[in-house]
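Residue numbers (our numbering): 53 to 156.
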């Protein structure tokens with residue numbers, strides 16, 4: 053039984069990893085778009101937003117885990133999957149956002 057769970061875990065992990073594709077695109081994160089330092093932080097921020105927990109979302113921004121674009125930001129997207137995009141900001145730092153936020 054333990055072997056079965058290990059196999060299931062490896063399958064889930066590998067399918068997530070294989071879902072990412074290397075790309076080279078220029079895009080814009082529009083004013084009001086959310087971006088975070090990790091997918092986990094982006095998911096947590098989304099959970100706070102869906103729950104209407106402004107305090108939780110604000111805490112993530114104050115801690116530097118996520119940010120809300122105050123203006124349009126031109127970025128270089130280098131990886132994406134069905135839902136997320138990984139990009140380099142003008143600062144040189146890498147962030148994650150939902151693909152739906154990006155304007156190509």
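Every residue gets a Cβ at the ideal spot worked out from N, C-alpha and C, and that includes glycine.
Assigned exposure category for residue i - 16 Cβ within 10 Å defines buried
| i | result |
| --- | --- |
| residue 79 | buried |
| residue 156 | exposed |
| residue 144 | exposed |
| residue 109 | buried |
Cα-Cα separation, residue i to residue j
| i | j | result |
| --- | --- | --- |
| residue 119 | residue 132 | 19 Å |
| residue 136 | residue 148 | 7 Å |
| residue 142 | residue 74 | 19 Å |
| residue 15 | residue 138 | Outside the displayed span of the chain (53 to 156) sits residue 15, for which this structure offers no information. |
| residue 140 | residue 88 | 12 Å |
| residue 103 | residue 112 | 15 Å |
| residue 152 | residue 146 | 18 Å |
| residue 86 | residue 116 | 12 Å |
| residue 100 | residue 150 | 15 Å |
Residues sharing a beta bridge with residue i, DSSP
| i | result |
| --- | --- |
| residue 126 | 80 |
| residue 120 | 86 |
| residue 106 | Note: residue 106 sits in no beta bridge, so no partner. |
Delimiting residues of the beta strand (DSSP E) encompassing residue i
| i | result |
| --- | --- |
| residue 153 | No beta strand (DSSP E) contains residue 153, which DSSP labels as neither H nor E. |
| residue 138 | 136–140 |
Residue i and residue j closer than 8 Å at C-beta
| i | j | result |
| --- | --- | --- |
| residue 124 | residue 83 | yes |
| residue 130 | residue 90 | no |
| residue 81 | residue 121 | yes |
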